[in-house]
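Colleague: After the structure tokens below, expect a handful of questions from me.
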Amino acid sequence: MNTVPRELFTLDPIRSAQELLGCTLVWGKAAGKIVETEAYAEFGDEASHAFLRTGVREFIRFRPPGSIYVYLNYGVHWLLNFLVKQGPWNGFVLIRALEPVHGIDLMEQRRGLHDPKQLCSGPGKLTQALGITGESNGADFFNLPDVCLLARTGRIEVAIDRRIGITKSPDLPWRFVAAESKFLSAPVRKTRPRAN
DNA sequence: ACACGGATACTA
DNA sequence: AGTATCCGTGTC
């Protein structure tokens, strides 16, 4: 099984987000295939934390591509992002959903439920299922023990949507999903960007 | 439909 | 210090 090299995170966030689809994220004893991602850009993207937070801009400047950015959202959920650095197009990829493939009993235990479709079908759900917390924030993924990213096997059909749950820059079509997946956080919407 | 609840940045 | 905001989930 091939593992993904750091170069996957030296692309712009939009390309990196799509390349990550179909890869399998192994985190300790649990693993899941990435079926949903979103791209966030350092510049020109008001929904990116880098737009307002000086600490996040420093994070981008000083950490290597492939670094893990984990933050607490709504005071409740840890959200997992990868730092991508391509020069003018730095940013983050948010991992939004996984198809569970390994350690499912452990995921069920951590999540407190048994429906495989609900174990990792959301950015906060998958961190809970994998046991990811802010403890990992700032770590270099490629220097972490017991984690890796397995390369995609075969082709994957990518569907594109607007990002979910944001209020700033809402019309950017930077949500990417494995079109055939039954493990998404939400179906792909058919709405066109609002006029004006 | 709504409660849950913490980090960050801004106002002062 | 106080307030507004935030890339969500589970349960009502």
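Following the working numbering, the numbering of the first sequence begins with 1 at its first residue and continues without gaps.
Glycine included, each C-beta is placed from N, C-alpha and C at the ideal position.
Just so you know, these numbers come straight off a predicted model, no measurement behind them.
(1) Take residue 71 as the anchor and find which of 153, 81, 63 has the nearest alpha-carbon.
(2) Quick one: residues in its chain with C-beta nearer than 6 angstroms to the C-beta of residue 129, no 5 flanking neighbours on either side, listed in chain order?
(3) Just the Cα atoms here: how many angstroms apart are residue 132 and residue 179?
(4) Could you tell me the distance, in whole angstroms, from the CA atom of residue 123 to the CA atom of residue 35?
(5) Let's test the definition: count the other Cβ atoms within 10 Å of the Cβ of residue 141 and tell me whether it reaches 16, buried, or not, exposed.
(6) Counting beta carbon pairs with one atom in the stretch 84-95 and one in the stretch 2-14, are three or more of them shorter than 8 angstroms?
(7) Between the stretch 149-162 and the stretch 42-54, are three or more C-beta pairs nearer than 8 angstroms?
(8) Spatial neighbours of residue 161 within its chain, please: C-beta separation below 6 angstroms, excluding the five flanking residues on both sides.
(9) Taking C-beta to C-beta, are residue 148 and residue 3 nearer than 7 angstroms?
(10) Residues in its own chain within less than 6 angstroms of residue 159 by CB, not counting five upstream and five downstream?
(11) Beta-carbon within less than 8 angstroms of residue 114's beta-carbon, same chain only, minus the 5 sequence neighbours each way: which residues are those?
(12) Under three-state DSSP, which class holds residue 195?
(13) According to DSSP, is residue 161 helix, strand or coil?
(14) Please determine, among 85, 181, 137, the residue with the shortest C-alpha to C-alpha distance to residue 40.
(15) With DSSP run on the structure shown, which of helix, strand or coil describes residue 63?
Modeller: The short version:
(1) 81
(2) The beta carbon of residue 129 sits closer than 6 angstroms to those of 107, 110, 111, 119, 120, all from its chain and outside the five residues before and after it, given in chain order.
(3) 26 angstroms
(4) 11 angstroms
(5) buried
(6) yes
(7) no
(8) Hits under 6 angstroms: 175, 188, 189.
(9) yes
(10) 177, 179, 188
(11) 108
(12) Confidence at residue 195 is low in this model, with a pLDDT of 36, below 50, so its placement is unreliable and the value that follows should be read with caution. Note: residue 195 maps to coil in three-state DSSP.
(13) strand
(14) 85
(15) coil
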